[in-house]
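Mapped onto numbering that gives the first Met the number 0, the consecutive letters of the sequence shown carry residue numbers 0 to 167.
C-beta: ideal position from N, C-alpha, C; glycine also.
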Amino acid sequence: MISLIKGDITKIKVNAIVNAANTSLLGGGGVDGAIHRAGGAAILEECKQIRAKQGGCDVGEAVITTGGNLPAKYVIHTVGPVWNGGHKGEPELLANCYRNALRLAIAHGVNTIAFPNISTGIYRFPKPEAADIAIREVQQFVATDNSLDEIFFVCFDDENYSLYKVRL
Ligand code: AR6
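So, in structure tokens, the structure goes:
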């Protein structure tokens with residue numbers, strides 16, 4: 000089941016929340032900052048270990064840590080593309096974020112997951128196009144894999160919430 004929530008993803012009680020991180024995995028602003036603040040130092044520690052092993056995370060890829068002090072057991076960190084006009088592979092890279100986060104979730108036995116609106120803040124991906132991609136990827140995934148009980152889109156801003164509401 001796919002559901003829509005308006006609010007702060009750090010408050011959602013699910014097995015895994017997804018973070019809109021950057022390639023360094025060392026935190027930042029936006030939802031990334033909120034997750035690291037609420038989750039505490041354990042998340043950053045694990046991100047540093049992943050960095051030491053594989054040198055960060057590429058755009059469109061995803062890595063997993065525990066949720067630290069969050070209600071969620073795991074945080075799946077994915078790196079969305081920076082919008083640069085749309086002809087630099089941005090749509091496909093954003094689709095990869097959703098796909099790879101979902102695959103990683105399944106591999107860890109996650110059955111409830113919450114997504115923020117990846118790339119639509121600091122990375123400036125146009126919100127309507129990003130919503131189309133996010134919903135398409137999640138719907139395609141659940142059509143072939145039924146291991147997830149619940150997938151939430153958590154919209155923080157009114158604009159994204161309205162865009163998802165008319166699409167879902
Ligand atoms: N809960 C849910 N969604 C949120 C929250 C929250 N607490 N806070 C913001 N959003 P952004 P990006 C929404 O900028 O565009 C960071 O510095 C926000 O309204 O967080 O992928 C990273 O380290 C927007 O719709 O992520 C990267 O450097 C959405 O989250 C860079 O920003 C994504 O906005 C990533 O940029």
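Checklist entry - By Cβ distance below 8 Å, which residues in the same chain neighbour THR65 in space, the five residues on each side in sequence not counted? => result ALA41, ILE42, GLU45, LYS72, TYR73 and VAL74
Checklist entry - At a cut of 8 Å, does the stretch 86-97 reach the stretch 29-39 through at least three beta carbon pairs? => result no
Checklist entry - Is it true that the stretch 46-55 meets the stretch 100-110, where meeting means three or more beta-carbon pairs spaced less than 8 Å apart? => result no
Next on the checklist: Could you compute how far the alpha carbon of VAL81 sits from the alpha carbon of GLY67?
Outcome noted: 28 Å
Checklist entry - Got a sec? Which residues, its chain only, sit under 7 Å from THR119 by beta carbon, not counting five neighbours each side? => result LYS126, ALA129 and ASN159
Checklist entry - Is the closest heavy atom of the ligand SAM to the C-beta of PRO115 under 8 Å? => result Absent from the structure shown: the ligand SAM. Ligands present: the ligand AR6.
Item to check | Bridge partners - ASN18, DSSP secondary structure assignment | outcome: HIS76
Item to check | Supposed close pair ALA20, VAL78 - CB separation, criterion 8 Å | outcome: 5 Å
Checklist entry - Since VAL13 contacts ILE112 with CB under 8 Å, what's their CB separation in whole angstroms? => result 6 Å
Item to check | As assigned by DSSP and simplified to three states, the class of GLU149 | outcome: strand
Checklist entry - Can you tell me the Cα-Cα spacing of GLY28 and ASN18, whole angstroms? => result 11 Å
Item to check | Among ALA15, ILE4 and GLY55, nearest to LEU25 - alpha-carbon criterion | outcome: GLY55
Next on the checklist: In this structure, how does DSSP classify THR143 when only helix, strand and coil are distinguished?
Outcome noted: helix
Checklist entry - Is PHE151 near the ligand AR6, going by C-beta to nearest heavy atom under 8 Å? => result no
Checklist entry - Taking 8 Å as the line, does the beta carbon of LYS126 fall inside it for any heavy atom of the ligand AR6? => result yes
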